[in-house]
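**Student:** Pasting in a structure now, in structure tokens, and then I'll have a few things to ask.
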Amino acid sequence: MKTNYIVTVLHPFSTPYFRKFVLSVADQTVRDFRLLIFYDQVEDPEHSFTNDLQHIKHEFIELGNRSITANRVFVLNYLAGLEEGYIHFGDSDDFFEPTRIASAISYLPQYSIVCHDFNLVDREGKLLDKDHWSKRLANEFVFGYDYLKDKNLLGFGNISIDSSIFKDIEIKLVESPAIPDWFIFNQIVSVTKARCIFIATGQVNYRQHDNLAQFTENDFGAICNKLDMVLLHHESLLTLYIDAQYYRDRKTKLTRLKNHLTEKYLNEFLAQADAKNYFWWEIIADLLNYYESTTN
């Protein structure tokens, strides 16, 4: 039987929510796992959370003062050196449904990456939207690299992965990629040809804070910032020569969109757009499709 690792990163911003995360880990229907807590700029977390973790096999691993992407790559390299097993990622400010680990384990023998749906919750953990992506994706939807070119479903908060995948790839770094999770999983899935599956069970409860990766901010300033970040993301991938022609063409088209975009034009797009539950960064792809359909 493979070892199960639950992996999270603790940082100052997430410490107020960490006890809720730990409680959800302790409440898993699968009991045989080890919790690996990587921490960055948090003083003596072992002492701070002793009582919460006393009945959970766990280990704290300190991260250096690196960038977000460098920390993520450090975590993956650390995991690659462990006994092979199933790795279940979770953000330390979110919390799991009780079947999060069990549902992933049932699919990992057939798929390299299992992607879980999530419920959106506010900062206090109050439900905002249940089964957020299941409103668009069927349970057991299978996908690969091509599906992730213009949007992302894979993050360090909602996936489980078979660690044997690390034998086939050395994850590369560039200077400050704009969207670390998308940048890293683009590499992993494109190089390893990983088969990914989306499942509607074992959801993550995903806290909505004030940052660009969330789903609630679509005003003109937020969209302009997201557009800039997607452009930088494509530039990062170009430095790795991953699907270079596609990303060169995409960068050209997005630059034209950026030069054309006004608040009035954005409002016209939003008025006709279906109120769909976008995947991460997908609204930019949808806006580009609208632009091309209205200007050609």
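No gaps in the numbering here: position 90 of the sequence shown is 90 in the numbering used here, and each next residue is one more.
We put the beta carbon where it would ideally sit given N, CA and C, even for glycine.
How would you write the range of the alpha helix (DSSP H) that serine 164 sits in, first residue to last?
**Tutor:** It is not in any alpha helix (DSSP H) - serine 164 carries neither H nor E in the DSSP assignment.
**Student:** Alpha carbon to alpha carbon, how far is leucine 154 from alanine 273?
**Tutor:** Roughly 24 Å separates the two Cα atoms.
**Student:** Between the C-alpha atoms of tyrosine 111 and arginine 136, what's the straight-line distance to the nearest angstrom?
**Tutor:** Going by the C-alpha atoms only, they are around 21 Å apart.
**Student:** Which of the three DSSP states is assigned to asparagine 289 in this structure?
**Tutor:** Of the three classes helix, strand and coil, the one that applies to asparagine 289 here is helix, per DSSP.
**Student:** Do valine 34 and arginine 123 have their C-beta atoms within less than 8 Å of each other?
**Tutor:** It should be pointed out that residue 34 corresponds to arginine in this sequence rather than to valine. It is not a contact, given that the beta carbons lie outside the stated cut-off.
**Student:** Give a yes or no on whether 8 Å exceeds the smallest Cβ distance from isoleucine 87 to chain D.
**Tutor:** The structure shown contains no chain D, having only a single protein chain.
**Student:** Alpha carbon to alpha carbon, how far is phenylalanine 269 from glutamate 97?
**Tutor:** Each residue's Cα considered, the two are about 36 Å apart.
**Student:** Arginine 100: buried (16+ other C-beta within 10 angstroms of its C-beta) or exposed?
**Tutor:** Answer is buried; the Cβ neighbour count reaches 16.
**Student:** Using 10 angstroms around the beta-carbon of serine 103, count the other beta-carbons present and answer buried if the total reaches 16, otherwise exposed.
**Tutor:** Answer is buried; the Cβ neighbour count reaches 16.
**Student:** Compute the beta-carbon to beta-carbon distance between isoleucine 6 and glycine 90, rounded to the nearest angstrom, for a pair I have assumed lies under 8 Å.
**Tutor:** Indeed, because the Cβ distance is near 6 Å, the residues count as touching under 8 Å.
**Student:** Contact between the region 50 to 61 and the region 81 to 89: three or more CB pairs below 8 Å?
**Tutor:** Counting Cβ pairs under 8 Å, fewer than three are found: no touch.
**Student:** Do proline 177 and histidine 234 have their beta-carbon atoms positioned less than 8 Å apart in this structure?
**Tutor:** Contact flag unset, no.
**Student:** Out of curiosity, what's the CA-to-CA distance linking alanine 70 and histidine 209?
**Tutor:** Rounded to the nearest angstrom, the two C-alpha atoms are 23 Å apart.
**Student:** Out of Glu140, Cys224, Ile159 and Lys276, state which residue places its alpha-carbon closest to the alpha-carbon of threonine 8.
**Tutor:** Comparing Cα-Cα distances from threonine 8 to each of Glu140, Cys224, Ile159 and Lys276, the minimum goes to Ile159.
**Student:** Using beta-carbon positions only, say whether alanine 26 and aspartate 117 come within less than 8 Å of one another.
**Tutor:** No; because the gap between Cβ atoms is not below 8 Å, this pair is not in contact.
**Student:** Nearest to arginine 66 by CA position, among Asp52, Leu79 and Asp40, is which residue?
**Tutor:** Here the closest residue by C-alpha is Asp40.
**Student:** Would you please state the rounded distance, in angstroms, between the beta carbons of asparagine 205 and asparagine 119? I believe it to be under 8 Å.
**Tutor:** The pair is a contact, with the Cβ atoms about 5 Å apart (cut-off 8 Å).
**Student:** Over what stretch of residues does the beta strand (DSSP E) that includes glycine 85 continue unbroken?
**Tutor:** Note, glycine 85: beta strand (DSSP E), 85 to 89.
**Student:** Can you tell me which residues form a DSSP beta bridge with leucine 35?
**Tutor:** DSSP lists Ile6 and His58 as partners of leucine 35.
**Student:** Threshold first: 4 residues or longer. Then list the alpha helix (DSSP H) segments lying entirely within the region 65 to 141, N to C.
**Tutor:** The region 65 to 141 contains these whole alpha helix (DSSP H) runs: 68 to 80 and 100 to 105.
**Student:** By the DSSP assignment, the alpha helix (DSSP H) with glycine 221 in it spans what residues?
**Tutor:** Element bounds for glycine 221: 220 to 239.
**Student:** Check whether the Cβ atoms of valine 42 and proline 12 lie closer than 8 Å to each other.
**Tutor:** Against a cut-off of 8 Å, the Cβ pair of proline 12 and valine 42 comes out as a contact.
**Student:** Return helix, strand or coil for valine 18, following the three-state DSSP convention.
**Tutor:** Note on identity: in this sequence residue 18 is phenylalanine, with valine being the wrong assignment. Three-state result, phenylalanine 18: helix.
**Student:** To the nearest angstrom, how far is it from the Cα of aspartate 93 to the Cα of leucine 10?
**Tutor:** Taking the straight line joining both Cα atoms gives about 8 Å.
**Student:** Given that a residue counts as buried once 16 or more other Cβ atoms are within 10 Å of its Cβ, and exposed if not, what is phenylalanine 279?
**Tutor:** By the neighbour-count rule (16 or more Cβ atoms within 10 Å), phenylalanine 279 is buried.
**Student:** Phenylalanine 183: which of Ser24, Ser236, Gly157 and Asp129 sits nearest, CA to CA?
**Tutor:** When only C-alpha atoms are compared, the closest one is Ser236.
**Student:** Going by beta-carbon coordinates alone, are leucine 254 and leucine 231 separated by less than 8 Å?
**Tutor:** Their beta carbons are under 8 Å apart, which means leucine 254 touches leucine 231 by this criterion.
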